[in-house]
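Here the structure comes first, spelled out in structure tokens, and everything after it is commentary.
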Ligand code: GLN
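Here is the structure:
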């Protein structure tokens with residue numbers, strides 16, 4: 029049924045980069061056979077799951093929506109993929125994303141845009157826009173995304189679905205193509221909190237192959253997710269009502285607060301004094317780590333390699349021309365074949381936003397600037413975390429908007445990277461502080477666009493977060 033639905037709508041939505049239909053049917057048939065034989069099956073038996081094209085699935089191409097990895101075949105399974113297979117999920121396809129997860133609109137994909145199913149002229153958000161759109165358009169009941177600065181929660185909010193970023197270290201990053209290693213987390217999308225809990229349970233837990241994995245058992249949340257929390261203290265943050273918050277989003281969030289009050293929760297004001305510095309801090313740290321992580325794509329070890337025959341011809345012609353003029357400086361300026369191979373391969377393989385991030389990161393880390401930018405950002409990151417530690421002494425969860433406004437039009441922000449970055453205002457701090465956070469639908473704008481409400485909890489409190497989110501539904 030889901031494959032039929034994809035056939036019916038995905039030429040308009042564009043959620044998938046690849047539909048692995050044949051494999052999905054084979055997996056489903058094998059599960060049916062085992063069911064008929066009376067074998068016990070995993071918790072996701074037969075459920076289709078769409079996966080962001082950034083996790084290694086052995087034998088499948090993993091593009092990260094980049095020309096750089098257009099032909100890269102994963103040599104092994106990411107832990108998350110192995111766990112999904114072990115849970116008897118059916119892997120239905122690979123979803124579109126911003127290239128290397130850098131962006132908030134899915135327009136940075138080298139291959140195609142994805143359209144918001146609620147209004148095809150609008151963006152689904154990003155970078156996990158394909159996963160969010162697939163779930164919203166009923167092309168898959170469940171999907172996997174990644175969240176470095178909001179890339180699960182923001183598209184979940186803009187597409188009217190539920191998306192959770194677990195605690196940093198809760199879900200293994202082994203086999204996840206790295207963007208910013210101290211911020212990246214894998215997490216679930218679904219149409220209900222209960223389904224998110226089910227998918228989260230299947231992927232969470234310690235992993236020996238990820239040195240930053242939390243060495244703790246992840247207790248299943250699905251069995252308790254429907255139990256409301258008694259005496260819940262919900263934090264509201266005056267700093268969230270910053271300039272630029274859309275009045276309809278504000279009204280929906282205020283209504284969300286009232287809903288918790290009606291459910292018997294205590295509403296407590298808490299302060300996050302460094303919240304305003306989240307964006308600046310994130311956009312130093314994330315590009316810095318990205319510039320380091322993406323150094324591996326040199327056209328030699330991995331990924332796209334420029335046409336060497338053409339390159340050698342170009343090099344020879346330049347050398348010849350320089351030799352004819354006898355200009356020693358010009359001769360010296362011509363780079364060696366290896367340097368040129370790196371440069372051309374990277375120039376051809378990376379799109380403009382990825383190149384911008386690499387340049388920002390290399391600058392922020394360079395000698396003479398690292399103390400002023402990178403080291404300073406790490407200090408502010410610590411202050412942001414301390415704000416949360418203090419707030420969570422008074423409340424169990426913190427509530428606020430996921431995004432400042434509902435979905436924007438495709439193309440509206442593509443020439444304005446700074447405005448695109450500012451949309452991450454409410455999401456980046458959970459990554460900087462390593463906290464779990466979830467976006468749940470909380471109403472619609474007058475023009476019929478979904479609005480998302482974000483809840484955050486202290487590290488490792490996914491159960492609390494999910495139960496609190498479930499109460500709101
Ligand atoms: N929009 C943010 C960025 O562009 C977040 C991306 C993400 O979470 N992967 O970096």
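Residue numbers (UniProt numbering): 29 to 501. Each residue gets a CB set at the ideal place from its N, CA and C atoms; glycine is no exception. Since the model is a prediction, treat every value here as computed from it, not as a measurement.
Exercise. When the Cβ atoms of the region 261-277 are set against those of the region 421-434, are three or more pairs found closer than 8 Å?
Worked result: Yes, they touch.
Exercise. Exposed or buried, residue 514, counting other C-beta atoms within 10 Å across all chains shown (16 or more means buried)?
Worked result: Absent from the model: residue 514. The displayed extent of the chain is 29 to 501, so no value can be given.
Problem set entry | Any non-hydrogen atom of ligand 1 closer than 7 Å to residue 175 Cβ | Mapped onto the chain shown, residue 175 falls at position 147. Checking the Cβ of residue 175 against ligand 1 gives yes.
For this session: Can you tell me the Cβ-Cβ gap for residue 135 and residue 93, rounded? I've got them flagged as a contact below 8 Å.
Result: On the chain shown, position 107 is the one that residue 135 refers to. On the chain shown, position 65 is the one that residue 93 refers to. Actually they are not in contact, since the Cβ atoms of residue 135 and residue 93 sit about 10 Å apart, beyond 8 Å.
Problem set entry | Contiguous alpha helix (DSSP H) assignments of at least 4 residues, all confined to the region 412-457 | Here the runs fully enclosed are 445-450.
Problem set entry | Cα-Cα separation, residue 324 to residue 330 | Numbered from 1 along the chain shown, position 296 holds the residue referred to as residue 324. Numbered from 1 along the chain shown, position 302 holds the residue referred to as residue 330. So the two alpha carbons sit approximately 7 Å from each other.
For this session: Just the C-alpha distance for residue 141 and residue 31, rounded to the nearest angstrom, thanks.
Result: Here residue 141 is taken as the residue at index 113 of the chain shown, counted from 1. Here residue 31 is taken as the residue at index 3 of the chain shown, counted from 1. Rounded to whole angstroms, residue 141 to residue 31 spans 20 Å at the Cα level.
For this session: At 4 residues or longer, and completely inside the region 98-154: list those alpha helix (DSSP H) runs for me, N to C.
Result: Counting only runs of 4 or more, we get 107-114.
For this session: Look at the alpha carbon of residue 216 and the alpha carbon of residue 153, and state the distance between them as a whole number of angstroms.
Result: One-based indexing of the chain shown puts residue 216 at position 188. One-based indexing of the chain shown puts residue 153 at position 125. C-alpha of residue 216 to C-alpha of residue 153: approximately 16 Å in a straight line.
For this session: Would you check whether ligand 1 has a heavy atom nearer than 7 Å to the C-beta of residue 19?
Result: The question about residue 19 has no answer here: the residues shown for the chain are numbered 29 through 501.
Exercise. Does the beta-carbon distance from residue 160 to residue 138 come in below 8 Å?
Worked result: For this step, residue 160 is matched to residue 132 along the chain shown. For this step, residue 138 is matched to residue 110 along the chain shown. No, these two residues do not count as a Cβ contact at 8 Å.
For this session: Say yes only if the C-beta of residue 379 is nearer than 7 Å to one or more non-hydrogen atoms of ligand 1, and no if none qualify.
Result: Counting from 1 along the chain shown, the entry for residue 379 is found at position 351. No, Cβ of residue 379 sits at least 7 Å from all heavy atoms of ligand 1.
Problem set entry | Start and end residues, alpha helix (DSSP H) containing residue 387 | By 1-based counting over the chain shown, the position of residue 387 is 359. First-last of the alpha helix (DSSP H) with residue 387: 380-393.
For this session: Using the Cα positions of residue 237 and residue 145, report the straight-line distance between them to the nearest angstrom.
Result: Locating residue 237 in the chain shown gives position 209, counting from the first residue. Locating residue 145 in the chain shown gives position 117, counting from the first residue. For residue 237 and residue 145, the distance between alpha carbons rounds to 37 Å.
Exercise. In chain order, what residues of the same chain lie with their CB nearer than 6 Å to the CB of residue 171, ignoring the 5 residues before and after it?
Worked result: Along the chain shown, read from residue 1 onward, the residue named residue 171 stands at position 143. Spatial neighbours of residue 171 in its own chain (CB-CB distance under 6 Å, excluding positions within 5 residues in sequence) are listed in chain order as 78, 159, 162, 163 and 217.
For this session: Decide if residue 458 is buried, meaning its Cβ has at least 16 other Cβ atoms within 10 Å, or exposed.
Result: Taking the chain shown and counting its residues from 1, one reaches residue 458 at position 430. By the neighbour-count criterion, in which 16 or more other beta carbons inside 10 Å mark a residue as buried, residue 458 falls on the buried side.
For this session: Decide yes or no for the touch test of the region 306-326 against the region 425-443: beta carbon pairs closer than 8 Å, at least 3 of them.
Result: No contact exists between the region 306-326 and the region 425-443.
For this session: Measure the C-alpha to C-alpha separation of residue 471 and residue 66 and round it to an integer number of angstroms.
Result: Mapped onto the chain shown, residue 471 falls at position 443. Mapped onto the chain shown, residue 66 falls at position 38. C-alpha separation (whole angstroms): 44 Å.
For this session: For residue 385, count neighbouring C-beta atoms within 10 Å of its own C-beta (all shown protein chains included) and say buried if the count is 16 or more, exposed if not.
Result: Within the chain shown, numbered from 1, the residue matching residue 385 stands at position 357. Here residue 385 is buried. Its C-beta has 16 or more other C-beta atoms within 10 Å.
Exercise. With C-beta atoms as the reference, is residue 242 less than 8 Å away from residue 174?
Worked result: The sequence position of residue 242 within the chain shown is 214, counting from 1. The sequence position of residue 174 within the chain shown is 146, counting from 1. Cβ distance not < 8 Å, so residue 242 and residue 174 don't count as in contact.
For this session: State the DSSP-derived secondary structure class of residue 79, mapped to helix, strand or coil.
Result: Translated into positions along the chain shown, residue 79 becomes position 51. Strand, per DSSP.
Exercise. How far does the alpha helix (DSSP H) with residue 187 in it reach, from first residue to last?
Worked result: Here residue 187 corresponds to residue number 159 of the chain shown, with the count starting at 1. Per DSSP, the unbroken alpha helix (DSSP H) holding residue 187 starts and ends at 181-187.
Problem set entry | Inter-residue Cα distance where the pair is residue 275 and residue 228 | To locate residue 275, count along the chain shown from 1; it is residue 247. To locate residue 228, count along the chain shown from 1; it is residue 200. Approximately 33 Å, taken between the alpha carbons.
For this session: Compute the minimum distance between the beta carbon of residue 179 and the heavy atoms of ligand 1, and state whether it is under 7 Å.
Result: Counting from 1 along the chain shown, the entry for residue 179 is found at position 151. For residue 179, the shortest C-beta to heavy atom distance toward ligand 1 is below 7 Å.
Exercise. Can you tell me whether residue 500 is buried or exposed, with buried defined as 16 or more other CB within 10 angstroms of its CB?
Worked result: By one-based count along the chain shown, residue 500 stands at place 472. The residue is buried, with at least 16 neighbouring Cβ atoms inside 10 Å.
Exercise. In three-state DSSP terms, what is residue 265?
Worked result: Taking the first residue of the chain shown as 1, we reach residue 265 at position 237. Of the three classes helix, strand and coil, the one that applies to residue 265 here is coil, per DSSP.
Problem set entry | Beta-carbon contacts of residue 405 that lie in its chain and below 7 Å, excluding the five residues immediately before and after | Position 377 of the chain shown, counted from the first residue, corresponds to residue 405. Within the same chain, residue 405 has close Cβ partners 309, 312 and 313.
Problem set entry | Within 8 Å, strictly: CB atoms of residue 81 and residue 122 | As a position in the chain shown, residue 81 is number 53, starting the count at 1. As a position in the chain shown, residue 122 is number 94, starting the count at 1. Going by beta carbons, residue 81 and residue 122 fall inside the 8 Å limit.
For this session: Round the Cβ separation of residue 179 and residue 151 to the nearest angstrom and send it over; I've been treating them as touching at under 8 Å.
Result: The residue you call residue 179 lines up with position 151 of the chain shown. The residue you call residue 151 lines up with position 123 of the chain shown. Between residue 151 and residue 179 the Cβ distance is about 13 Å, and since that is not below 8 Å, they are no contact.
Exercise. Cβ of residue 84 within 8 Å of Cβ of residue 203?
Worked result: Taking the chain shown and counting its residues from 1, the one referred to as residue 84 is at position 56. Taking the chain shown and counting its residues from 1, the one referred to as residue 203 is at position 175. Residue 203 is positioned such that its CB atom lies closer than 8 Å to that of residue 84.
Exercise. How many angstroms separate the CA atom of residue 280 from the CA atom of residue 57?
Worked result: The sequence position of residue 280 within the chain shown is 252, counting from 1. The sequence position of residue 57 within the chain shown is 29, counting from 1. For residue 280 and residue 57, the distance between alpha carbons rounds to 44 Å.
Exercise. Under 8 Å between the Cβ atoms of residue 116 and residue 34?
Worked result: The count along the chain shown starts at 1 and reaches residue 116 at position 88. The count along the chain shown starts at 1 and reaches residue 34 at position 6. Against a cut-off of 8 Å, the Cβ pair of residue 34 and residue 116 comes out as no contact.
Exercise. Among all the DSSP beta bridges, which residues are the ones paired with residue 309?
Worked result: Looking up residue 309 in the chain shown gives position 281. For residue 309, which the question treats as bridged, DSSP gives no partner whatsoever.
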